[in-house]
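Quick notes on the structure that follows.
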Amino acid sequence: MESTRNKLIQLLADSSEKYISGQLLSDELQISRSAIWKHMKELEKDGYQIEGKSNKGYRIISYPDKLSENTIRWGLETNWIGKSIIHKESTTSTQHIAHDEARNGAAHGTIIIADEQTNGKGRMNRSWFSTKGKGMWLSIILRPKISPLQAPQLTLLTATVLADVLHSYCNVQPLIKWPNDILLHDKKIVGILTEMQAEQDIINYIVIGIGLNVNQSKDDLPEEISHRATSLLIETEKEHSIKALIQEILTTFEKSYDQYIKNGFPEIKQKWESYGFKIGEEITIKTLKDHFRAIFLGIEEDGALRIKRMDGSIEKLYSAEIDW
Ligand code: BTN
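Everything in the sequence shown is counted per full-length UniProt numbering, starting at 1 for the first residue and increasing by one.
What follows is the structure, encoded as structure tokens:
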């Protein structure tokens with residue numbers, strides 16, 4: 001039943017604005033025309049708006065806001081990202097699925113999206129709270145032809161994409177905390193986790209995982225993070241369509257990535273610094289073996305953190321946490 005329904009949606013989606021006749025649907029799906037009609041009524045109950053004309057057939061006019069491969073694809077005008085979409089209602093982590101898919105040859109631009117993650121992964125082996133239906137839990141598989149040393153630039157690029165979408169689409173003022181947290185009013189709203197499978201000089205694949213808190217109320221955020229995390233609902237006092245956000249993020253990501261491949265990192269660096277949190281200010285740097293105050297000068301051409309120690313010496317750091 002479920003697969004007939006999915007095939008039906010797929011046929012309607014493929015024919016886009018054009019009508020597809022009841023007879024053709026019944027031939028393709030090998031079910032009666034009255035069964036087709038019943039499926040259409042079920043789809044309408046699920047929020048699909050379907051137009052049926054007696055001498056023309058059926059077409060989908062609009063999709064529900066619910067996430068599925070079809071609803072995300074509908075209206076997504078990208079060239080390569082999201083051409084292959086895997087949607088799960090619930091999974092341990094979209095990163096796990098992305099690694100499996102990538103190892104099995106998934107194409108550049110494949111995306112994995114879940115309504116809920118039961119074991120969401122954050123950086124430094126932390127967990128990531130991924131409440132059902134309240135946020136965007138997305139992983140993107142990339143196969144960039146760049147050196148593994150440049151891979152951190154893609155994390156910084158992703159942060160600028162999220163900051164741009166939050167700023168222009170949601171009308172909020174995001175800041176990026178190095179390397180890749182996005183803050184609104186000093187609270188984290190986006191986390192980015194980049195994982196790579198590479199050899200000495202070539203990247204086999206990269207998985208970029210993005211967690212964006214969208215429709216959580218204060219009560220939905222677990223107590224242990226509620227003082228340092230926020231959501232779009234909390235910040236803007238209105239609900240946002242996760243589907244529309246995904247489409248906006250994918251479209252902006254594709255444009256930014258294509259420009260990066262063509263023009264290199266300088267434009268991303270400039271944009272990143274325009275959103276950079278505490279640039280020019282004194283911050284606390286925490287590395288594995290050290291803990292000190294320094295001035296945050298910005299990022300280097302390769303994406304490293306550029307700081308000035310209190311004795312005036314300038315340093316480049318690749319792995320650290322910053323705090324204020
Ligand atoms: C962090 O700030 O620590 C990174 C958080 C990354 C969370 C996202 S949600 C989608 C993808 N799947 C995961 O399990 N993690 C990333």
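Where a beta carbon is used, it is the ideal one built from N, C-alpha and C, also for glycine.
With distances taken Cα to Cα, identify the nearest neighbour of residue i among the options.
i      : options                           : result
Ser319 : Met310, His291, Asp311 and Gly312 : His291
Ile60  : Lys66, Glu69, Ser68 and Ile50     : Ile50
Thr131 : Gly120, Asn125 and Ile140         : Gly120
Lys41  : Ala244, Leu175 and Leu8           : Leu8
Ile283 : Trp178, Lys269, Leu193 and Ser256 : Trp178
Gly209 : His167, Ala98 and Thr71           : Ala98
Ser21  : Gly47, Phe129, Ser54 and Ser313   : Ser54
Ile86  : Trp80, Asp27, Leu67 and Leu162    : Leu67
Tell me the DSSP bridge mates of residue i?
i      : result
Leu221 : Answer is none; Leu221 lacks a bridge partner.
Tyr58  : Ile20 and Gly52
Asp323 : Thr284
Leu138 : Ile113 and Ile210
Leu193 : Gly209
Asp181 : Lys177
Ile295 : Glu282 and Lys308
Lys187 : Leu184
So for residue i, helix, strand or coil by DSSP?
i      : result
Trp74  : coil
His167 : helix
Gly47  : coil
Asp100 : helix
Lys262 : helix
Phe253 : helix
Met1   : Residue placement at Met1 is poorly supported in this model, since its pLDDT is 45, which falls under 50; the coordinates are not used for a value here.
Thr131 : coil
Leu8   : helix
Leu273 : Note that residue 273 corresponds to Glu in the displayed sequence, not to Leu. Glu273: helix per DSSP, three-state reduction.
Let me confirm a value: residue i is counted as buried when at least 16 other C-beta atoms fall within 10 Å, else exposed. Which label applies?
i      : result
Glu89  : exposed
Thr160 : buried
Ile322 : buried
Ala139 : Sequence check: residue 139 is Ser here, not Ala. Buried: at least 16 other Cβ atoms inside 10 Å.
Lys134 : buried
Lys38  : exposed
Glu199 : exposed
Glu254 : buried
Asp181 : buried
Met1   : In this predicted model, Met1 has a pLDDT of only 45, less than 50, meaning its place in the structure is not dependable enough to derive any value.
Lys286 : exposed
Glu235 : buried
Ala244 : exposed
Thr118 : exposed
Heavy atom of the ligand ADP less than 7 Å from the Cβ of residue i, yes or no?
i      : result
Ser226 : Among the ligands modelled here, namely the ligand BTN, the ligand ADP does not occur.
On the premise that residue j lies in contact with residue i, defined as a C-beta separation below 8 Å, what is that separation, rounded to the nearest angstrom?
i      : j      : result
Asn215 : Ser231 : 7 Å
Leu212 : Met136 : 4 Å
Thr94  : Ile112 : 4 Å
Glu248 : Tyr169 : 5 Å
Thr251 : Glu77  : 7 Å
Arg306 : Gly312 : That pair is no contact at about 14 Å.
Leu157 : Ser256 : 6 Å
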